[in-house]
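Student: Mind looking over this structure? Questions follow.
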Amino acid sequence: MSRKSLFEYKGKQATVTWDGKLCIHIGECGRAKGDLAIEGAPTEVPGLKFRAALCRCGQSKNKPYCDNSHESAGFQDYGAVGERGDAANDNGGTLQINFAKDGPVLVNGNLCVKSASGREAWHGKRAALCRCGASNNKPFCDSQHKKIGFKSD
């Protein structure tokens with residue numbers, strides 16, 4: 000029996016749509032959003048234009064999207080971001096998200112990386128983000144994917 004994954008909750012001034020294909024219950028729906036251009040994103044999932052939770056552990060069965068596989072894989076990242084980046088970053092615009100074959104998430108556009116505490120830790124216009132889970136410089140890629148033989152397929 001298949002479960003319905005798309006629900007709409009209509010209010011007087013807005014309609015809230017919940018999509019089970021996107022939701023991993025991280026509580027960031029209202030804050031983790033922007034104008035996203037995600038390479039290969041399905042057009043039938045309109046929410047992917049504005050928000051997405053991307054896999055960082057490399058274990059998702061729904062790559063490049065997170066499916067909470069990190070929990071059973073024992074992946075841990077406490078959210079510390081060592082770099083500060085360029086504080087003079089612009090806001091807004093489209094964030095282009097592409098995926099290097101068997102490698103990192105390539106992000107181009109105005110980007111702000113926040114630590115687990117919510118502190119704005121890094122600003123910039125280009126970043127290679129780890130998606131294999133093995134980087135020693137999380138959330139940024141340090142090419143560990145080559146050493147561990149990460150496959151993006």
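Take the sequence shown: its position 98, counted from the start at 1, is 97 in numbering that gives the first Met the number 0, and no numbers get skipped.
Virtual Cβ for every residue (Gly too), placed ideally from N, Cα, C.
Computed from a predicted model, the values in this text were never measured in an experiment.
(1) Which residue's Cα is closest to the Cα of residue 73: 80, 92, 15 and 59?
(2) So, helix, strand or coil for residue 95, using DSSP?
(3) Taking the alpha-carbon of residue 149 as reference, which of 120, 94 and 104 has the nearest alpha-carbon?
(4) With DSSP as the reference, label residue 0 as helix, strand or coil.
(5) Report, in whole angstroms, the separation of the C-beta atoms of residue 63 and residue 54, which I expect to be a contact under 8 Å.
(6) Taking the alpha helix (DSSP H) that residue 72 falls in, what are its first and last residues?
(7) Quick check: the Cα distance between residue 13 and residue 7, rounded to an integer number of angstroms?
(8) Name the one or two DSSP bridge partners that residue 34 has.
(9) Should residue 11 go down as buried or exposed, given a rule of 16 or more other Cβ atoms within 10 Å for buried?
(10) For residue 15, count the other beta carbons within 10 Å of its own beta carbon; 16 or more makes it buried, fewer makes it exposed. Which is it?
Tutor: Reading from the atomic positions:
(1) Taking the first residue of the sequence shown as position 1, residue 73 is located at position 74. The candidate whose alpha carbon is nearest that of residue 73 is 59.
(2) Translated into the one-based positions of the sequence shown, residue 95 becomes position 96. Note: residue 95 maps to strand in three-state DSSP.
(3) Translated into positions along the sequence shown, residue 149 becomes position 150. The candidate whose alpha carbon is nearest that of residue 149 is 104.
(4) By 1-based counting over the sequence shown, the position of residue 0 is 1. Annotation note: pLDDT 36 at residue 0 (below 50); position unreliable, no value reported.
(5) Looking up residue 63 in the sequence shown gives position 64. Looking up residue 54 in the sequence shown gives position 55. Confirmed, about 6 Å.
(6) Here residue 72 refers to the residue found at position 73 of the sequence shown. Start and end: 68-72.
(7) Within the sequence shown, residue 13 is the residue found at index 14, counting from 1. Within the sequence shown, residue 7 is the residue found at index 8, counting from 1. Between residue 13 and residue 7, the C-alpha separation is close to 10 Å.
(8) Residue 34 sits at position 35 when you count from the first residue of the sequence shown. Answer by DSSP bridge pairing, in chain order: 93.
(9) As a working mapping, residue 11 is identified with position 12 in the sequence shown. Residue 11 comes out exposed.
(10) Numbered from 1 along the sequence shown, position 16 holds the residue referred to as residue 15. So residue 15 ends up on the exposed side.
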